[in-house]
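> Here it is, the structure, as structure tokens.
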Amino acid sequence: VCIMLLPLLFGYLYGALVLKMNPILLLGAITGAMTSKPGLNALNDMSGNRVPALGYAGTYTFANLFLTIGGATIIRV
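Below you can see the structure in the form of structure tokens.
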């Protein structure tokens with residue numbers, strides 16, 4: 019549980035307190051980093067708009083890139 023929750027909590031607190039990001043946009047970015055399309059759908063439903071998708075798009079792209087590179091690196095080692 020800690021392995022899953024600590025990075026999410028740290029990312030949210032850093033984004034909200036240090037970077038002063040919009041909470042809905044920040045939650046969309048965190049959902050994109052987790053590559054969770056159902057999470058994005060839940061955020062869109064709860065917020066009543068598509069603003070979380072703006073944060074989701076960029077982090078989803080980087081997360082998929084890093085997953086691909088990380089998987090290839092682990093196999094080579």
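Take 19 as the starting number for the sequence shown in my numbering and just add one per residue.
Think of the CB as a built atom: it goes at the ideal place given N, C-alpha and C, for glycine as much as any other residue.
Since the model is a prediction, treat every value here as computed from it, not as a measurement.
What residue range does the alpha helix (DSSP H) around MET22 cover?
Segment 20-31, the alpha helix (DSSP H) holding MET22.
> Below 8 Å CB to CB, which residues in the same chain sit around ILE21 once its five sequence neighbours on both sides are set aside?
Closer than 8 Å at Cβ, skipping near neighbours: no residue.
> Roughly how many angstroms lie between the CA atoms of SER65 and ILE48, to the nearest whole one?
Approximately 15 Å, taken between the alpha carbons.
> Rounded to the nearest angstrom, how far is the Cβ of PRO70 from that of GLY46, given a contact under 8 Å?
Contact between PRO70 and GLY46 holds, since their C-beta atoms are separated by about 3 Å, short of 8 Å.
> Entirely within the region 30-92 and at least 4 residues each: give me those alpha helix (DSSP H) ranges in chain order.
41-51 and 55-65
> Report buried or exposed for ALA51, applying the criterion of at least 16 other Cβ atoms within 10 angstroms of its Cβ.
buried
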